[in-house]
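Each residue of the sequence shown is one higher than the last, beginning at 2 in the numbering used here.
Yeah, the Cβ is synthetic: ideal placement off N, Cα and C, and Gly gets one too.
A quick note: this is a predicted structure, and the numbers were derived from the prediction, not measured.
Right, one structure below, let's go through it.
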Amino acid sequence: FPVLKGARFLESDVEEQIQWWVDDAASFQTCKDKITFDFNAHGGGYGKYNTGLLSFISTFYETHGIKLDPIYTGKMMKGIYQLIQQGQIADSRVLAIHTGGLQGIAGVELKTGKKLFDS
């Protein structure tokens, strides 16, 4: 779930990394086939967010007790939820890696005048 608009270059960057790590063509193809990019979750681009995303982040925290940020992890998790709702992810286990970014929440709250989390 790249947060950059037009980030399709990441596919070839990831392919290069896979080629560096695996020894044979079959392993390369197996790894490549297991990686999926969704370029629709950028929310307008890096650093951009809207009230729908902020609402999702707040609801996610209320439901799961996990804080997300509106720049990275909030967009990723909202994208995963949308894929589940659309039936594109079903009967599967999903590994979502929370990469941080929480330090930016204070700035978003100051800018919007809305507190995202109770604590």
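Extent of the continuous alpha helix (DSSP H) to which residue i belongs
i    : result
T100 : Taken as a continuous stretch (DSSP letters only), T100 belongs to no alpha helix (DSSP H), as it is neither H nor E.
T113 : I106 to T113
A27  : A26 to D34
Y82  : T74 to Q86
F57  : T52 to H65
Residue i vs residue j beta-carbon contact at 8 angstroms
i    : j    : result
G75  : F57  : yes
F118 : K68  : yes
Y73  : T113 : no
P71  : L54  : yes
E16  : F38  : no
Residues near residue i in its chain [Cβ-Cβ closer than 7 angstroms; skip 5 each side]
i   : result
Q20 : F29
F61 : I67, L69 and M78
G46 : L5 and K6
G1  : With the chain running from 2 to 120 in the structure shown, residue 1 is simply not present.
Cβ neighbours of residue i in the same chain (closer than 6 angstroms, five flanking residues each side left out)
i    : result
H43  : V4 and K6
V109 : P71
Assigned secondary structure, residue i (DSSP; H/G/I helix, E/B strand, else coil)
i    : result
D39  : coil
L125 : Residue 125 cannot be examined here, being either before or after the span of the chain that is shown, 2 to 120.
K90  : At residue 90 the sequence reads Ile, which differs from the Lys that was named. In this structure, I90 counts as coil in the three-state DSSP scheme.
Other residues of its chain near residue i: CB distance less than 8 angstroms, five sequence neighbours each side excluded
i   : result
S59 : L117 and F118
I90 : I81 and L84
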